[in-house]
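Asks:
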Amino acid sequence: MSNLQVSVYRYNPETDSAPYMQEFQVDTKGRDVMVLDVLHMMKEQDSGLAFRRSCREGVCGSDGMNMNGKNGLACITPLSDVVKGNKLTLRPLPGLPVIRDMVVDMGLFYKQYERIQPYLQNDTPAPAIERLQSPEERDKLDGLYECILCACCSTSCPSFWWNPDKFVGPAGLLQSYRFLADSRDTATRERLTDLEDPFSVFRCRGIMNCVAVCPKGLNPTRAIGKIREMLLADAT
Amino acid sequence: MVTNITSFGRSGLSDWLMQRVSAVVLALYTVFMVAYLLFNPDLDYYAWSALFDQTWMRIFSLLAFISVAAHAWIGLWTVTTDYLTSTYLRVGVQSLIILAIFVYLVWGIQILWGA
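Laid out in structure tokens, this is it:
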């Protein structure tokens, strides 16, 4: 089997006037390794190649990137999932400013996350023990709390590309619903009021790119639908 | 807080609901019109005029006109805020769209209620 042909996005703003694609030949010895392993093999050939990684097992969310046109985590994406015709094209997450090579500036993404106040708010006196939930109430948080903020969903969303400063994006909205759905949170009304404008939630057009790419198999579109239902119930 | 001054209802929630309600109205009007034309193959001016002389048809038509106006305003406003990044261009195009919708609405009412 011939070497894997990998095309990687390179850009160093300090030395390059424009981004370019660099070609690599990688010998995977016929094994179906993860894309992250291929990146490390390329880094052995060119140590200047910059990318983020940490846990290498799909938990930290550092190595979200665009692999042959689809966002995902390089560490848990086997070559057999993305490579077509022995070619692999790697680009940084779309829509965010590039700091260098595959490293993007996640500032806007985190700003939207911060905006939805991703923490429990409760204005009733703290009980002597924990604030208890019934198993049914706890079940509502399944499929919401597992998000690792890798930004694969938000950076595959055209609405987030066009309005990243106003549209919260699928990742932020999934977390927003995680707190709206929490029986222990009492700031529901305030949270909803901050979301009723035409951009924050309603710029979602339901194309479900977020659902298609989420490495954790979560469903932000459903969460956004639930937020809309809550807004409607609260305002009519 | 994200603000908006040229959107239809000044609220994402009301725009979203209006977009859906107007879509249902337009779907009903379209189905009715297509069915009417199919069941009246030899339609002449008098039958057509008689249809629009009836109060329920005038209400239905006016409802459809207003639905088109709201639907177009909300939809095109969304398109302009996505794709037109220059403020002057965006406000200009939004004003033109709203003006055109107003003209078409008044024109439509005149056709419907005029002699």
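Those protein sequences? They're chains F and S, same order as listed.
Numbering-wise (the UniProt record's numbering), the first sequence opens with residue 1 and increments by one.
Numbering-wise (the UniProt record's numbering), the second sequence opens with residue 1 and increments by one.
C-beta: ideal position from N, C-alpha, C; glycine also.
1. Mapping the DSSP letters down to three states, classify F/Phe109 as helix, strand or coil.
2. Return the residue from the list S/Thr3, S/Gly9, S/Val106, S/Thr87 that minimises the CA-CA distance to S/Ser61.
3. Could you check where the alpha helix (DSSP H) with F/Glu136 kicks off and where it finishes?
4. Check the Cβ of F/Phe179 against every Cβ in chain S and list those closer than 8 Å, keeping chain order.
5. With 16 other CB atoms within 10 Å as the buried threshold, where does S/Ile59 fall?
6. Since F/Met230 sits in a beta bridge, which residues does DSSP pair it with?
7. Which same chain residues, not among the five before or five after F/Lys43, have their C-beta less than 7 Å away from its C-beta?
8. Report all residues from its chain with a CB closer than 7 Å to the CB of S/Asp15; omit the five preceding and five following residues, and keep chain order.
9. Got a sec: which bits of the stretch 202-232 of chain F sit with their beta carbon under 9 Å from any beta carbon on chain S, in order along the chain?
10. How long is the line joining the alpha carbons of S/Asp82 and F/Asp27, rounded to whole angstroms?
11. What would DSSP say about F/Phe24, mapped onto helix, strand or coil?
12. Sorry if obvious, but does the Cβ on S/Val31 come closer than 7 Å to a heavy atom of the ligand MN?
13. Ends of the alpha helix (DSSP H) at F/Thr188?
14. Looking at the structure shown, is F/Ser7 part of a helix, part of a strand, or coil, going by DSSP?
15. When you compare each of F/Gly64, F/Val38, F/Gln22 to F/Pro215 by their alpha carbons, which one comes out closest?
16. Does the distance from the CB of S/Leu25 to the CB of S/Ala64 come in under 8 Å?
17. Does the beta-carbon of F/Leu177 have 16 or more other beta-carbons within 10 angstroms, so that it is buried, or is it exposed?
18. Starting from the Cα of F/Cys157, find the closest Cα among F/Leu195, F/Phe109, F/Asp142 and give me that residue.
19. Assuming contact is defined by CB atoms lying nearer than 8 Å, are residue 239 of chain F and F/Cys153 in contact in what I supplied?
20. Would F/Met33 and F/Leu79 qualify as a contact pair, given that the criterion is a beta-carbon distance under 8 Å?
21. Does the beta carbon of S/Asp82 sit closer than 8 Å to a beta carbon anywhere in chain F?
Replies: Taking the definition as stated:
1. The sequence position of residue 109 of chain F within the first sequence is 109, counting from 1. Here F/Phe109 sits in helix by DSSP.
2. Position 61 of the second sequence, counted from the first residue, corresponds to residue 61 of chain S. Selected option, being the one with the closest Cα: S/Val106.
3. Numbered from 1 along the first sequence, position 136 holds the residue referred to as residue 136 of chain F. Unbroken alpha helix (DSSP H) run through F/Glu136: 135-139.
4. For the purposes of this step, residue 179 of chain F is taken as the residue at position 179 of the first sequence. Simply none; closest approach about 18 Å.
5. For this step, residue 59 of chain S is matched to residue 59 along the second sequence. When all chains shown are included, S/Ile59 counts as exposed.
6. Within the first sequence, the letter at position 230 stands for residue 230 of chain F. Its beta-bridge partners do not exist; DSSP assigns none.
7. Sequence index remark: in the first sequence, residue 43 of chain F carries index 43 (1-based). Leu49, listed in sequence order.
8. The residue given as residue 15 of chain S occupies position 15 in the second sequence. Hits under 7 Å: Ser7, Phe8, Gly9, Ile74.
9. Phe202, Arg203, Arg205, Arg228, Leu231, Leu232
10. The residue labelled residue 82 of chain S in the question sits at position 82 within the second sequence. The residue labelled residue 27 of chain F in the question sits at position 27 within the first sequence. The straight-line gap from Cα to Cα measures roughly 43 Å.
11. Looking up residue 24 of chain F in the first sequence gives position 24. Three-state DSSP puts F/Phe24 in a strand.
12. Of ligands this structure carries none, so the ligand MN is not represented either.
13. For the purposes of this step, residue 188 of chain F is taken as residue 188 along the first sequence, with counting starting at 1. It spans 188-193 - the alpha helix (DSSP H) in which F/Thr188 sits, taken as one unbroken run.
14. Walking along the first sequence from the start, residue 7 of chain F turns up at place 7. Looking at F/Ser7 - three-state DSSP - the assignment turns out to be strand.
15. For the purposes of this step, residue 215 of chain F is taken as the residue at position 215 of the first sequence. Of the candidates F/Gly64, F/Val38, F/Gln22, the one whose C-alpha sits nearest the C-alpha of F/Pro215 is F/Gly64.
16. Residue 25 of chain S sits at position 25 when you count from the first residue of the second sequence. Residue 64 of chain S sits at position 64 when you count from the first residue of the second sequence. The residue asked about is misnamed: residue 25 of chain S is Val in this sequence, not Leu. Yes, the pair counts as a contact, with Cβ atoms nearer than the cut-off.
17. Against the first sequence, residue 177 of chain F aligns to sequence position 177. For clarity, residue 177 of chain F is Tyr in the given sequence; the question names Leu instead. Buried, by the Cβ-count rule.
18. Here residue 157 of chain F refers to the residue found at position 157 of the first sequence. The residue with the shortest Cα to Cα distance from F/Cys157 is F/Phe109.
19. Absent from the structure is residue 239 of chain F, since the part of chain F shown begins at 1 and ends at 236.
20. Here residue 33 of chain F refers to the residue found at position 33 of the first sequence. Here residue 79 of chain F refers to the residue found at position 79 of the first sequence. Note on identity: in this sequence residue 33 of chain F is Val, with Met being the wrong assignment. A contact, by the Cβ cut-off of 8 Å.
21. Residue mapping note: residue 82 of chain S aligns to position 82 of the second sequence, counting from 1. Yes, contact with chain F.
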